[in-house]
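Only one structure is covered here, and it is reproduced in the block below.
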Amino acid sequence: MVENSVYLVDFGEGWARRYLQAGLGRQEEFHGLERLEAAFVTHLHSDHIVDYPNILTFGSSDGLANRPKPLQVFGPGPRPSLVPLGNSDAPEPPVLNASNPTPGLRDTTEYLYQAFANDLNDNMRDSLKPDPHSLITVHDIELPVGVAVDPNIDVAPRMSPFPVFEDERVRVSATLVDHAPVFPAFAFRFDTADGSVVISGDTNACDNLVELARGADMLVHEVIDIAWAEGLVPDPPSPAQQAKIEHLVNSHTPIEDVGKVAERAGVRTLVLTHLAPADNPPERWLEAGRDFSGEILVGEDLMELGVGVARRN
Ligand SMILES: [Zn+2]
Ligand SMILES: [Zn+2]
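Below, the structure written as structure tokens:
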């Protein structure tokens with residue numbers, strides 16, 4: 001939240017309930033989402049968008065229809081080609097939605113409107129609710145001119161941060177991060193008069209992210225316990241088990257690396273999030289502090305942290 005406006009990152013499971021529980025919608029005249037100015041989707045893995053349909057369907061009743069202008073949603077564009085097979089010996093799986101198998105956020109949104117067409121048409125005709133297109137404007141984030149990527153070679157070649165969104169309260173910039181084979185996957189930086197917050201999204205330790213986070217007040221970064229990941233599978237693992245482990249190890253940031261990322265970026269506070277596994281004791285995560293000279297915190301649902309004026313309160 002900046003002043004009285006809310007900026008959301010990702011639509012993970014239960015986001016809407018947590019939004020209200022956090023008090024972001026609680027004001028006399030509000031139903032809930034009136035103060036939500038913009039939302040930013042890091043990547044299209046389902047753990048980050050599984051409750052995106054919530055805002056497309058319930059948003060009208062939950063306050064979006066009371067906003068003076070549409071909610072702005074920014075997220076990944078389409079992947080230019082399918083992800084290669086993880087194991088060349090594996091049989092070719094079927095391709096879902098073969099005419100558009102790797103849609104970006106705009107197309108994903110339209111498919112969701114199709115999936116909920118029965119309900120949405122009912123609501124527009126029977127309850128005279130507005131066309132959801134009039135409440136939410138969805139943008140596929142375009143990479144800067146000159147940044148050419150073959151995601152089957154490198155999903156996050158070195159690049160400088162680029163602007164995504166700006167209003168009178170916040171300037172939002174992004175960069176590509178290394179969550180291979182996902183492309184595009186973004187980290188976002190929010191600069192305000194009070195300070196700056198960077199959200200890593202899902203990524204391995206990534207130089208683009210270090211540049212984006214340079215000097216930020218707060219870096220909210222994902223982390224994985226590699227020892228846990230390696231213990232998940234029997235020895236020897238099946239090809240599917242091996243592929244899963246390789247994804248976890250290669251596309252997330254180990255405890256042993258995340259403190260170094262924060263130290264290189266020179267941030268004041270590191271907040272660990274997207275904890276894998278979710279039930280590690282906090283002491284295990286705080287081992288990342290060995291490599292980081294700033295403040296380190298283990299994120300929890302409904303935790304409220306501030307920068308600038310909010311930090312001093
Ligand atoms: Zn992911
Ligand atoms: Zn994730």
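Residue 1 is where the sequence shown starts when you use our numbering, and the numbers rise one by one after that.
Glycine is no exception: its CB is placed at the ideal position from the N, C-alpha and C atoms.
Note to self: Can you look up glycine 75 in the DSSP assignment and give me helix, strand or coil?
What the structure shows: strand
Note to self: Report the CB separation of histidine 252 from isoleucine 296 in whole angstroms; it is logged as a contact under 8 angstroms.
What the structure shows: Contact between histidine 252 and isoleucine 296 is ruled out by a C-beta separation of about 18 angstroms, above the 8 angstroms threshold.
Margin query: Between which residues of its own chain and leucine 8 is the CB-CB distance below 8 angstroms, once the five residues before and five after are set aside?
Written below: Trp15, Tyr19, Leu36, Ala38, Ala39 and Phe40
Note to self: I need the straight-line Cα distance from serine 127 to leucine 120, nearest angstrom please.
What the structure shows: If you draw a straight line from the Cα of serine 127 to the Cα of leucine 120, it comes to about 10 angstroms.
Margin query: Please enumerate, following chain order, all residues with a beta carbon closer than 5 angstroms to at least one heavy atom belonging to ligand 1.
Written below: His45 and Asp202
Next item on the list: Go ahead and pull the three-state DSSP assignment for glutamate 166.
Entry: The answer is strand: DSSP assigns glutamate 166 an E or B state.
Check: Given leucine 135, which residues of its chain have a CB within under 7 angstroms of its CB, disregarding the five upstream and five downstream residues?
Finding: Gly59, Ser60, Leu64, Ala65, Pro70 and Leu71
Item checked: Cβ-based burial, alanine 115 [other Cβ within 10 Å; buried from 16] -> Exposed, since its Cβ has fewer than 16 Cβ neighbours within 10 Å.
Note to self: Let me make sure I understand the geometry here. Which of Thr192, Leu96, Pro151 and His133 has the alpha-carbon closest to that of valine 2?
What the structure shows: Thr192
Notebook entry, point to check: Quick one: what's got a C-beta closer than 6 angstroms to tyrosine 113's C-beta in the same chain, skipping five residues either side?
Noted result: none
Notebook entry, point to check: If you follow the alpha helix (DSSP H) that phenylalanine 116 is part of, which residue opens it and which one closes it?
Noted result: Note, phenylalanine 116: premise wrong, no alpha helix (DSSP H); not H, not E.
Margin query: Determine whether the beta carbon atoms of serine 238 and alanine 216 lie at a separation below 8 angstroms.
Written below: Taking 8 angstroms as the Cβ cut-off, serine 238 and alanine 216 do not qualify as a contacting pair.
Note to self: Helix, strand or coil, according to DSSP, for threonine 175 in the structure here?
What the structure shows: Threonine 175 falls in the strand class under three-state DSSP.
Next item on the list: Answer with buried or exposed for histidine 221, where buried requires no fewer than 16 other C-beta atoms within 10 angstroms of its C-beta.
Entry: buried
Next item on the list: Just mark asparagine 4 as buried or exposed, buried being the case when its beta carbon has 16 or more other beta carbons within 10 Å.
Entry: exposed
Note to self: For a test of the three-state rule: what should DSSP assign to arginine 35, helix, strand or coil?
What the structure shows: Residue state, collapsed to three classes: coil.
Next item on the list: Assign valine 6 to one of three DSSP states: helix, strand, or coil.
Entry: strand
Check: Taking the C-alpha atoms as reference points, what is the distance between arginine 189 and proline 282?
Finding: 26 angstroms
Note to self: Given 7 angstroms as the limit, tell me if histidine 274 has its C-beta closer than that to any heavy atom belonging to ligand 2.
What the structure shows: yes
Checklist line | Nearest-angstrom Cα separation, counted from isoleucine 245 out to valine 177 | finding: 20 angstroms
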